[in-house]
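K.L.:
Have a look at this one before I ask anything.
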Amino acid sequence: MEQVDAVKPLSRRGSERRYLVIAPSRDEASTLRTTLDSLLRQTLPPAKLVFVDDGSTDETQAILAEYRGRMPYLDVVRRVDRGVRKVGPGVIEAFNEGLGTVDLSQFEFLCKLDMDLDLPDGYFECLVAKMDSDPLLATCSGKPYFREAATGELVSEHIADEFAVGMTKFYRVSAWREIGGFPVSIGWDGIDCHLCRMHGMRATSFPDPELRFIHLRPMGSSHISLWHGRMRHGLGAWVMGTPPLFMLAATVYRLNKRPRVVGAVAMLLGYLQAWRQGVRRFDKPGYLAFVRSYQHLALVIGRTRAAERMRQRAAQGGRAPSLDGAMHGHH
Numbered sequence: 010m011e012q013v014d015a016v017k018p019l020s021r022r023g024s025e026r027r028y029l030v031i032a033p034s035r036d037e038a039s040t041l042r043t044t045l046d047s048l049l050r051q052t053l054p055p056a057k058l059v060f061v062d063d064g065s066t067d068e069t070q071a072i073l074a075e076y077r078g079r080m081p082y083l084d085v086v087r088r089v090d091r092g093v094r095k096v097g098p099g100v101i102e103a104f105n106e107g108l109g110t111v112d113l114s115q116f117e118f119l120c121k122l123d124m125d126l127d128l129p130d131g132y133f134e135c136l137v138a139k140m141d142s143d144p145l146l147a148t149c150s151g152k153p154y155f156r157e158a159a160t161g162e163l164v165s166e167h168i169a170d171e172f173a174v175g176m177t178k179f180y181r182v183s184a185w186r187e188i189g190g191f192p193v194s195i196g197w198d199g200i201d202c203h204l205c206r207m208h209g210m211r212a213t214s215f216p217d218p219e220l221r222f223i224h225l226r227p228m229g230s231s232h233i234s235l236w237h238g239r240m241r242h243g244l245g246a247w248v249m250g251t252p253p254l255f256m257l258a259a260t261v262y263r264l265n266k267r268p269r270v271v272g273a274v275a276m277l278l279g280y281l282q283a284w285r286q287g288v289r290r291f292d293k294p295g296y297l298a299f300v301r302s303y304q305h306l307a308l309v310i311g312r313t314r315a316a317e318r319m320r321q322r323a324a325q326g327g328r329a330p331s332l333d334g335a336m337h338g339h340h
């Protein structure tokens with residue numbers, strides 16, 4: 010496996026650009042220093058970092074005190090300890106509390122950042138350059154890798170290109186406002202990308218070597234167990250509006266990723282359990298129909314082409330392409 014390369018600083022064209030980082034976190038002392046150090050190394054540092062301590066009971070506050078002198082842009086918001094780490098909607102509730110302490114109009118870009126990452130030095134400067142090169146780009150990220158415990162090998166988390174990852178969700182502020190902010194829902198980091206396309210904008214994660222970053226806690230592993238994390242992923246797919254046919258295809262694809270069978274079974278079980286229990290799905294006018302059309306189309310022409318075709322239709326105010334039409338038009 011290719012190693013994550015050191016990043017050469019890009020042109021300083023965007024050096025005056027202002028981006029806001031909001032970092033909801035609970036009990037992540039074991040990875041906190043690594044992430045804060047990677048922020049300190051950024052060739053384009055944040056204008057402000059709002060660290061939202063969501064009731065941590067570990068050494069989080071002591072570590073933050075160590076970094077205050079080196080991070081003049083650091084603000085800390087402390088929330089009451091709720092006795093449990095809440096994922097999904099709880100993360101966005103904490104994010105929104107941090108956001109409420111700043112004037113968003115003072116920033117061009119906004120990032121929701123997890124505190125279990127090791128980012129390359131030019132990460133944010135490169136994302137700003139990507140935004141500058143594509144005015145339709147609403148949100149973007151690099152690709153996450155995790156280090157295999159047994160071998161030390163870096164392994165890709167296989168993120169689809171048409172999604173910006175939730176752990177470093179980087180937004181153009183104007184686009185974030187246009188979609189109405191992050192949904193307070195499980196699956197929020199997929200729903201928001203669908204909403205971007207519904208508004209005629211792009212969402213993507215770039216495979217560029219200079220944007221690869223290390224996820225210190227593999228995605229989907231959950232704070233409880235990997236099985237629980239994959240079950241939650243299936244629940245999120247249901248809430249997000251994923252139709253059964255696409256979910257079945259996604260489960261088969263999941264067999265290529267470790268842990269192969271356990272991860273796939275847990276994901277499908279989480280989806281079926283949510284369906285059986287009648288869990289409420291996220292919806293806005295036209296949203297579920299949009300997702301269904303996109304994912305059915307993706308089964309025929311691939312995710313990337315389907316995402317762009319749906320985005321173009323939305324931008325033109327036209328109807329979403331039907332599956333039949335796609336099949337007849339695809340060679």
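Residues in the sequence shown are numbered consecutively from 10, following this note's numbering. Ideal Cβ positions, reconstructed from N, Cα and C, are used throughout, including at glycine. Computed from a predicted structure; not experimentally measured.
Alpha carbon to alpha carbon, how far is HIS203 from PRO294? Give it in angstroms, no decimals.
P.N.:
Those two C-alpha atoms are separated by around 13 Å.
K.L.:
Give, in chain order, every unbroken run of the beta strand (DSSP E) that is at least 3 residues long and sits entirely within the region 84-141.
P.N.:
The region 84-141 contains these whole beta strand (DSSP E) runs: 118-122.
K.L.:
So who's on the other strand from ILE4, going by DSSP bridges?
P.N.:
What is shown of the chain runs 10 to 340, which leaves residue 4 out entirely.
K.L.:
Within 10 Å of its beta-carbon, does LEU254 have 16 or more other beta-carbons around it, so buried, or fewer, so exposed?
P.N.:
Flag for LEU254 reads exposed.
K.L.:
Answer yes if the region 101-120 comes into contact with the region 42-52, meaning at least three C-beta pairs across the two stretches below 8 Å, and no otherwise.
P.N.:
No: the two stretches stay apart, fewer than three of their Cβ pairs being nearer than 8 Å.
K.L.:
Judging by CA-CA distance, which residue of GLY107, THR52 and TYR180 is the nearest neighbour of MET210?
P.N.:
Comparing Cα-Cα distances from MET210 to each of GLY107, THR52 and TYR180, the minimum goes to TYR180.
K.L.:
I think THR40 touches LEU225, with their Cβ atoms under 8 Å apart; what is that distance to the nearest whole Å?
P.N.:
About 5 Å; that satisfies the 8 Å criterion.
K.L.:
Answer yes if the region 184-199 comes into contact with the region 161-175, meaning at least three C-beta pairs across the two stretches below 8 Å, and no otherwise.
P.N.:
Judged by Cβ distances under 8 Å, the region 161-175 makes contact with the region 184-199, as three or more pairs qualify.
K.L.:
Do you know offhand how far HIS232's Cα is from ARG241's?
P.N.:
Caution applies to HIS232, whose pLDDT of 48 falls short of 50 and renders its modelled position unreliable; the model cannot decide the point.
K.L.:
In or out: VAL270 buried (at least 16 other Cβ within 10 Å) or exposed?
P.N.:
Exposed, because fewer than 16 other Cβ atoms sit within 10 Å of the Cβ of VAL270.
K.L.:
With 16 other CB atoms within 10 Å as the buried threshold, where does GLU341 fall?
P.N.:
Given a span of 10 to 340 for the chain in the structure shown, any question on residue 341 remains unanswerable.
K.L.:
Do the CB positions of ASP90 and GLY64 come within less than 9 Å of each other?
P.N.:
Yes.
K.L.:
Distance, Cα to Cα, LEU113 vs ASP36?
P.N.:
For LEU113 and ASP36, the distance between alpha carbons rounds to 27 Å.
K.L.:
Quickly, what does DSSP pair LYS178 with across the bridge? List them, please.
P.N.:
LYS121.
K.L.:
I'd like the list of long-range same chain contacts for PRO252, defined as Cβ closer than 7 Å, with 5 residues on each side in sequence excluded.
P.N.:
Result list for PRO252: ARG301, GLN304 and HIS305, in chain order.
K.L.:
For a test of the three-state rule: what should DSSP assign to ILE31, helix, strand or coil?
P.N.:
ILE31 falls in the strand class under three-state DSSP.
K.L.:
Alpha carbon to alpha carbon, how far is ASP141 from THR313?
P.N.:
Each residue's Cα considered, the two are about 21 Å apart.
K.L.:
Measure how close the beta-carbons of ILE72 and ALA38 come, nearest whole angstrom, since I'm counting them as under 8 Å.
P.N.:
About 6 Å separates the two Cβ atoms, so the contact holds.
K.L.:
For ARG156, write down the residues that DSSP places opposite it in a beta bridge.
P.N.:
Answer is LEU163, bridged to ARG156.
K.L.:
Where does THR251 sit, in a helix, a strand or coil, going by DSSP?
P.N.:
Reduced to three states, the DSSP call for THR251 is coil.
K.L.:
Can you tell me whether SER183 is buried or exposed? The criterion is at least 16 other CB atoms within 10 Å of its CB, across all chains shown.
P.N.:
So SER183 ends up on the exposed side.
K.L.:
Can you name the residues that DSSP bridges to CYS149?
P.N.:
DSSP output for CYS149 lists PHE179 and THR213 as bridge partner(s).
K.L.:
When DSSP labels each residue in this structure, what does LEU225 get in the three-state scheme?
P.N.:
Here LEU225 sits in coil by DSSP.
K.L.:
Beta carbon of LEU235, beta carbon of GLY189: below 9 Å?
P.N.:
No, Cβ-Cβ distance for LEU235 and GLY189 is not below 9 Å.
K.L.:
Which one of GLN286, LYS139, ARG322 and TYR262 has the shortest CA to CA distance from LEU244?
P.N.:
LEU244 has its Cα closest to that of GLN286, out of GLN286, LYS139, ARG322 and TYR262.
K.L.:
In angstroms with no decimal places, state the Cα-to-Cα distance between VAL137 and PHE291.
P.N.:
Each residue's alpha carbon lies about 30 Å from the other.
K.L.:
Where does LEU264 land, buried or exposed, given buried means 16+ other C-beta within 10 angstroms?
P.N.:
It is exposed - the Cβ of LEU264 has fewer than 16 other Cβ atoms within 10 Å.
K.L.:
In terms of residue numbering, what span does the alpha helix (DSSP H) encompassing ASP198 cover?
P.N.:
Start and end: 197-207.
K.L.:
Could you give the distance in angstroms between the alpha-carbon of VAL30 and the alpha-carbon of GLN325?
P.N.:
Their backbone Cα atoms lie some 33 Å apart in a straight line.
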